[in-house]
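Only one structure is covered here, and it is reproduced in the block below.
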Amino acid sequence: MTATAGAVVAVTVVLANPVAAAQPEAPGTVTGSVTLSGRLLVPEAASAQRLTYWSRGPRGPMQSTAAVYLPQGSPPSGGWPIVAYAHGSVGIADHCAFTLNPRDYYLDTVYPLLLDAGYAVVVSDYVGLGTPGIHPYLDGPSQARSVVDAVRSARTAVADLSTRWAVLGQSQGGQTALFTAQLAPADAPELDFRGAAATGAPSNLELAVPLAGPWIPQLPLRRTTTYFGLLLAGLRVTAPELDIDGYLTPVGQDVLRIVESECVSEADERVKDIAIGAMLRRPLDDPALLAAAAAMTRIPTSGYSTPLFVAQGLADLEVPAALSAKLIAELRLSGTDLQVEVYPGGHLEAADQAFPAVLAFLHRILGRA
Numbered sequence: 273m274t275a276t277a278g279a280v281v282a283v284t285v286v287l288a289n290p291v292a293a294a295q296p297e298a299p300g301t302v303t304g305s306v307t308l309s310g311r312l313l314v315p316e317a318a319s320a321q322r323l324t325y326w327s328r329g330p331r332g333p334m335q336s337t338a339a340v341y342l343p344q345g346s347p348p349s350g351g352w353p354i355v356a357y358a359h360g361s362v363g364i365a366d367h368c369a370f371t372l373n374p375r376d377y378y379l380d381t382v383y384p385l386l387l388d389a390g391y392a393v394v395v396s397d398y399v400g401l402g403t404p405g406i407h408p409y410l411d412g413p414s415q416a417r418s419v420v421d422a423v424r425s426a427r428t429a430v431a432d433l434s435t436r437w438a439v440l441g442q443s444q445g446g447q448t449a450l451f452t453a454q455l456a457p458a459d460a461p462e463l464d465f466r467g468a469a470a471t472g473a474p475s476n477l478e479l480a481v482p483l484a485g486p487w488i489p490q491l492p493l494r495r496t497t498t499y500f501g502l503l504l505a506g507l508r509v510t511a512p513e514l515d516i517d518g519y520l521t522p523v524g525q526d527v528l529r530i531v532e533s534e535c536v537s538e539a540d541e542r543v544k545d546i547a548i549g550a551m552l553r554r555p556l557d558d559p560a561l562l563a564a565a566a567a568m569t570r571i572p573t574s575g576y577s578t579p580l581f582v583a584q585g586l587a588d589l590e591v592p593a594a595l596s597a598k599l600i601a602e603l604r605l606s607g608t609d610l611q612v613e614v615y616p617g618g619h620l621e622a623a624d625q626a627f628p629a630v631l632a633f634l635h636r637i638l639g640r641a
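In this text, residue positions in the sequence shown follow our numbering: the first is 273, and each later residue adds one.
Set out below in structure tokens:
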């Protein structure tokens, strides 16, 4: 048996019975732990654990999982400062969870850079990814609670962690990071939250939802149908009373079945040639549906008590710069302590281009400059 296979077996043994039978406990309560190995262990990490913990979904308590990586060397006085990394879209099927399905980009690039900079890295899978229930995709409030409760759980289960922490996220994780920044100070006062960095964060999606209808052609954007299907799947979780299926054609039903069972890249290969209009029987213009979509996706534009960093790529075909420009303008008008950086690259390229500035921002807010 390989090391990776052993890790997967260990995860299965630890989680099989406790997760199914567990009763809800306080947010951040740890119910399981396993040491990660094989491809899930970043070489730059001194240790890596997968924690199962209680968090809060859109309709009550849910369990989630998180990976916790510690830097090598001796921790500084007060423990390692924490960067909670909010990952981008991987899908909503259980096998897509990061702690079960490693992603080279994070393991080879993002996490090593953070660990080498002296930060412990905590990565939530978000509720419903690899745990009971369905992941409410792009439900910013529950994704933020998953992150806050992951940090709580890490502080409980792992030694040498500071109370100082910040959140960094890309794409879906960028949206999560901004929701987390507004939630964390009041939700977890026992922790010392310092701020958030978001790259490629989808915003103002609630403005696009009422435009969707049978007339929408194929759009010159990347993964539009996949993300739209995931958004509708998320709405089915957060607002089941809306009867999302009643809006869907047979093609739309097939798209949702695909995005609910496959990870993002695999799903996109199957649905990328399907127009959004082919998915819909009628427009998404019901006021209750629009209110539910806004509650899920609308990034707060005021009420932040810590600094924010927002980066956008001009060539981004997944999160158009025009929508981010509106978000940035509204954040500035509200008086938010905001650093904005714009890069020439696309969705992932801009995140790479932003990383030196992101690290400088994290050093500043976490007191390591």
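Just so you know, even glycine gets a beta-carbon here, dropped at the ideal spot from N, CA and C.
Bear in mind the structure is a predicted one, so any value in this text is a computation, not a measurement.
Contact between the stretch 569–589 and the stretch 465–481 is present: three or more C-beta pairs spanning the two stretches fall below 8 Å. When rounded, the separation of the alpha-carbon atoms in R331 and T510 is 7 Å. Judged by DSSP secondary structure, I354 falls within the beta strand (DSSP E) whose first and last residues are 352–358.
The shortest C-alpha to C-alpha distance from T301 to any of L385, P512, T428 is the one to T428.
Here Q525 is exposed: its Cβ has fewer than 16 other Cβ atoms, across all protein chains shown, within 10 Å.
Straight-line measurement puts the Cα of G607 at about 35 Å from the Cα of L342. Look at E316 here: in three-state DSSP terms it is coil, with no helix or strand label. Beyond the five residues adjoining it in sequence on each side, D397 comes within less than 7 Å, by CB distance, of S336, T337, A338, A369, F370, T371 in the same chain, given in chain order. Straight through space, the alpha carbons of L463 and R436 are spaced by roughly 7 Å. Between P353 and R640 a beta carbon distance of about 7 Å is seen, short of the 8 Å cut, so the two are scored as contacting.
Rounded to the nearest angstrom, the Cβ distance from L503 to A564 is 11 Å, too far for a contact under 8 Å. By the neighbour-count definition (other C-beta atoms within 10 Å, threshold 16), H619 is a buried residue. Within a 10 Å sphere around the beta-carbon of T307 sit fewer than 16 other beta-carbons, which makes this residue exposed.
Sequence-distant partners of V362 (beyond 5 residues in either direction) whose C-beta falls short of 8 Å from its own C-beta, in its chain, are C368, A369, F370, N373, R375, L401, C535, V536.
Its chain contains P343 as the residues whose beta carbon lies nearer than 6 Å to that of G390, once the 5 sequence neighbours on both sides are disregarded; these appear in chain order. Here L372 carries a coil assignment [DSSP, helix/strand/coil].
If you draw a straight line from the Cα of T521 to the Cα of Q454, it is about 38 Å long. Bounds of the alpha helix (DSSP H) holding R604 are 593–605.
The Cβ atoms of Q415 and P404 do not sit closer than 9 Å to each other.
Counting only residues of its own chain and dropping the five nearest sequence neighbours on each side, F451 has a CB closer than 8 Å to the CB of G412, P413, Q415, A416, I571, P572. Listed in chain order, the non-local C-beta contacts of G360 below 7 Å within the same chain comprise Q442, S443, Q444, G445, local neighbours out to five positions each way being set aside.
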